[in-house]
Structure formats: C-alpha cells, structure tokens
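The numbers in the working numbering rise by one with no breaks, and the one at position 107 of the sequence shown is 106.
Don't be surprised by glycine CBs; every beta carbon is placed ideally from N, CA and C.
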Amino acid sequence: MNIYRQIQESREKQKLFSVLIDPDRYQQRDLLKMIDQSVETGVDFFLVGGSLISHPIEPVISLIKSHGNIPVLLFPGSLLQISPAADAILLLSLISGRNPEFLIGNHVVAAPLLHRTRMEIIPTGYMLIGNQTSTSVEYISNTRPIPSEKTDIAVATALAGEMLGLKLIYLEAGSGAPGTVPGEMIRQVKDHISVPLIAGGGIRSVKTLESVYRAGADMAVVGNAFENKPGLLKEMAAVKRDFL
Ligand code: 1GP
C-alpha cells in the first residue's frame, strides 16, 4: 500500500484523522483500549513519536500491528525513533527553523538505514508555529517557531518547502499547546500549496477540530486530548464524516 497516494487520493473525498501516540504517555492497557477504539471508529493513521521519549517505540508499533490494520507512520523527534516495523516515515525537515541538524544533518545519518528498510519515505515540511508558551519541540529542536500572526512567513515557508520537493506540509502548534495553529494561517497556506496539508497541536475539542478542517487542513493530528478523555476519540473520529 502506498500511503502517500492514499493521503493524496482520499483528501479529494474526505478529511483524514490521525492519532499521535507518544510511547511515554501510555500504560499498555490504556494503549490497547485506544488502539481498539481507533480501529472501531475509523482512525486513518497512527503517528508514533515525540520530541523526547524514554520508552522504545517498537513494542508500541507491534501492539498496533497486532490489533488491526491502521497504518503506522513514524513521526520521529530524533534518530532514536526509527523502526523498520512502521509502514512509513514522515521524514521531517524542520523548515520553520534554521538548525541544520533538523534540516539535513539527521537525514544524512538516517539515510543509509532508511535505504535498507522497505519503509515508505514521505518527505515532510515540518513547520512550528509559535504560541504564547514555548513547547518541547521548540526547545529540543533548538529552533524558533514562526510567530502565529506571521501568516506571510508561513505561506512563504510552505511554498519554499513544496518547491524543494517536500510532499506534505505539516503545521505544528506543538503537543499540548494552549491553542492550535490559527485558522487564517491554515487557510492561507492551504490556498498557496498543492501538496496535502496536515495540522496538529492543541486540538482538544470537536469544535476546534471542525475549525481546523474548515480552515483547510486535509489531515488533523491529535494526541494529548485522549490521554485523559478517551471517550473523545470516538467523537473526534466522527467529525470527518461532516466534511464529505
Ligand atoms: C501533533 O503535536 C501534535 O501535531 C499533537 O498535539 O498532543 O496537542 O494533540 P497534541
């Protein structure tokens, strides 16, 4: 299965909904419940990774794989989060920042290993968008996010990413961020690019998810919100049906 094609083709028909799993945040029992719920409710993809994680990702991927067939996309915060057990990797270039390690350095180190796996590689322009508070990803990546009111910079950055050949643009407010990427920024970026657009970070309610989709995100990613409110997953996964 070609996951990128699946993302491209399905965005013409419906929005996509993905769940981010940070291996540090789940006990096995909760994780199993979340996987089962995701399968039941039609979650499109699992993203696995985090800015800083201390548990190995392989057992999480195996658990997902043994409980249904939702594809697993690596969402690596570091080189330690690469596993051939996943279906694909979002090969993130942190194009909002100016840290060469996250633009090309880590990719050079990972390339020979990735070349040997059969995993699908999806080059992704990853853009951190600033909020009032600083996020883990900002600190760990040692980059400054694009200020949330600088829509023109976000558009220019996304355009440059697409011109460089990146296949997805991912607007990230940061996991657990107090707010999401502003709707106007999502809208403007969407209007200027032709590759699929992902938005994530700080989506905690059905209403917010709807506004992210309405603004133009093809895929929304939610993580934190389910850790304390597992029932929310069902409600959120159903939202995309309103956007057919
Ligand atoms: C994925 O980092 C996000 O883009 C997930 O953020 O944990 O705030 O949902 P939340």
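Practice task
Would you check if there are 3 or more beta carbon pairs closer than 8 Å linking the stretch 132–151 to the stretch 110–124?
Solution key: No, because fewer than three Cβ pairs between the stretch 132–151 and the stretch 110–124 fall closer than 8 Å, the two stretches do not touch.
Exercise for the section: Can you give me the start and stop residues for the alpha helix (DSSP H) that P122 sits inside? Expected result: Along the sequence shown, read from residue 1 onward, the residue named residue 122 stands at position 123. In this chain, P122 is not harboured by any alpha helix (DSSP H); it is covered by the beta strand (DSSP E) spanning E119 to L127.
Exercise for the section: Given a cut-off of 8 Å, decide if G129 and I145 are closer than it, judged by their beta-carbon atoms. Expected result: Taking the sequence shown and counting its residues from 1, the one referred to as residue 145 is at position 146. Taking the sequence shown and counting its residues from 1, the one referred to as residue 129 is at position 130. I145 places its beta carbon less than 8 Å from that of G129.
Practice task
Evaluate the contact criterion for the stretch 50–60 versus the stretch 20–29: three or more CB pairs, one atom per stretch, below 8 Å.
Solution key: Yes, the stretch 50–60 is in contact with the stretch 20–29.
Practice task
Answer yes or no: do I6 and M218 have a C-beta to C-beta separation smaller than 8 Å?
Solution key: For the purposes of this step, residue 6 is identified with residue 7 of the sequence shown, where counting begins at 1. For the purposes of this step, residue 218 is identified with residue 219 of the sequence shown, where counting begins at 1. Taking 8 Å as the cut-off, the Cβ atoms of I6 and M218 count as close.
Exercise for the section: Compute every distance between the C-beta of S37 and the non-hydrogen atoms of the ligand 1GP, then say whether any falls below 7 Å. Expected result: Residue numbering aside, residue 37 sits at position 38 when the sequence shown is read from its first letter. Every heavy atom of the ligand 1GP is 7 Å or more from the Cβ of S37, so no.
Practice task
Would you list, in sequence order, the uninterrupted beta strand (DSSP E) runs of no fewer than 3 residues that lie entirely inside the stretch 194–231?
Solution key: Entirely contained in the stretch 194–231, the beta strand (DSSP E) runs reaching 3 residues are, in chain order, 196–199 and 218–221.
Exercise for the section: Could you pull out every residue in the same chain whose Cβ sits closer than 6 Å to the Cβ of K64, ignoring the five residues on either side in sequence? Expected result: Residue 64 sits at position 65 when you count from the first residue of the sequence shown. Take K64, set aside five residues on each side of it, and no residue of its chain has a beta-carbon closer than 6 Å to its own.
Problem - Nearest residue (CA-CA) to K239, options P83, E209 and A214 - result: Sequence index remark: in the sequence shown, residue 239 carries index 240 (1-based). Relative to the Cα of K239, the nearest Cα in the group P83, E209 and A214 belongs to E209.
Handout entry: Span of the beta strand (DSSP E) around E171
Key = Sequence index remark: in the sequence shown, residue 171 carries index 172 (1-based). Its beta strand (DSSP E) spans residues L167 to E171.
Exercise for the section: Take the Cβ of A157 as the centre, count every other Cβ of all protein chains shown within 10 Å, and call the residue buried at 16 or more, exposed below. Expected result: What you label residue 157 is simply residue 158 of the sequence shown in a count that begins at 1. Looking at its Cβ environment, which holds 16 or more other Cβ atoms inside 10 Å, A157 is buried.
Exercise for the section: Compare the C-alpha of V71 against each of A84, T132, G222 and R213 and name the closest. Expected result: Numbered from its first residue, the sequence shown carries residue 71 at position 72. With respect to the C-alpha of V71, the residue from A84, T132, G222 and R213 having the closest C-alpha is A84.
Practice task
Quick one: grab the DSSP three-state call for V136.
Solution key: Here the question's residue 136 lines up with position 137 in the sequence shown. It is helical.
Problem - Which listed residue (F242, D241, A236 and L243) has its alpha carbon closest to that of Q36 - result: As a first step, residue 36 is located in the sequence shown; it is residue number 37 there, counting from the start. Ranking F242, D241, A236 and L243 by Cα distance to Q36 puts A236 first.
Practice task
State the DSSP-derived secondary structure class of A87, mapped to helix, strand or coil.
Solution key: By 1-based counting over the sequence shown, the position of residue 87 is 88. In this structure, A87 counts as strand in the three-state DSSP scheme.
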